[in-house]
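Below is one structure, written out as C-alpha cells; the observations come after it.
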Amino acid sequence: MSTPLPDDDGRPADDAAQPGPADKPLLGGGRFGLFSEALLVGLGVSVLSLPIITAVPALAAGVSHVRRHLDGRPDTVAALWEDFRAACRGVWLVSIGMPVLLLVLLFNLQLIGQGGMPAGAGVRIATVFLVAILLVIVLRAAAGWSPGARWTTIVQSAAKRAGDDLTGTFLLVVALGLCAVMVWMLAPLVVIVPGLLSLAVVAVEHRATVRQG
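Next comes the structure, spelled out in C-alpha cells:
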C-alpha cells in the first residue's frame, strides 16, 4: 500500500483534498441542501404574499431563487428581495386579476356545495378543473418570468406551455394536489407550500426544455 505524498504544508494530499468543517455549507448545501432551500423559499414567499396581490411576483421570485441555488449563483435573502421588487414591475393587472378569478371560482364551488343547483356534480368537476388549470398557469407564469419581461406576454406563454406540455401540466396538478393534502392534514404546513411548488415547477420546466432539445 502506498503512502500519500504530503503537500507543501506537510499534510497528506488526501487530507488536504477533504473540506474541513468550516468549508462545508451549513444550509443550502450537502445532502439535504435543496430541501432546506425549498423550505426557506416557502417561508420567504409566504411572507411576501401576505398582501395577497403580491402572491404572483413573490412566487416568481421564489422560482428564480430556486434556480439561483441550482445554478450555484448567490441565493441570499437580499437576492430574493431584489427579484421580488423586479417582478412587481408591471404585474398588477395579473396579480389582481388572478386572485379575483380564483376567488370567483372558489365562491362558485361553495354555492354548488350548498346544493340545489341543477347538474351540480358536473359543474363542480368543471370548476375544480378550471381552478387547477388557473393555478398551473400561475406556476408556469412564475417560472417564465425574467427581469424586464412583460407580464401579459409571460401569462400567454405560460398558458401555451400548459397546453403543449400536457404531461408537465399533469405533474403540476399532482403537485398541487399533494400540497393541498399536506395543508389539509396540518394547516401550518401552508408556509412551506410555495417553496415546494417552486421546486416542482422548476423541475417540470427543465424537463420540458430537455425534451425539446
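Count along the sequence shown from 1, add 17, and you get the number used in the numbering used here. Quick reminder that beta carbons are idealized off the backbone N, C-alpha and C, glycines included.
The three-state reading of DSSP puts GLY107 in coil, since its state is none of H, G, I, E or B. Here PRO116 carries a helix assignment [DSSP, helix/strand/coil]. Apart from the 5 residues on each side of it in sequence, VAL117 has no Cβ closer than 7 Å to any other Cβ in its chain.
Taken atom to atom, the span from the alpha-carbon of SER66 to that of VAL198 is near 21 Å. With 16 or more other Cβ atoms from the protein chains shown falling within 10 Å of its own Cβ, PHE101 counts as buried. GLY212 counts as buried, since at least 16 other C-beta atoms from the protein chains shown sit within 10 angstroms of its C-beta. The beta-carbon separation of GLU54 and ASP88, rounded to 12 Å, does not stay under the 8 Å limit for a contact. Excluding five sequence positions before and after ALA103, the CB atoms of its chain that fall closer than 6 Å to its own CB belong to PRO164, given in chain order.
Distances from the CA of ARG84 to each of SER63, LEU120 and GLY161 were compared; the closest alpha carbon is that of GLY161.
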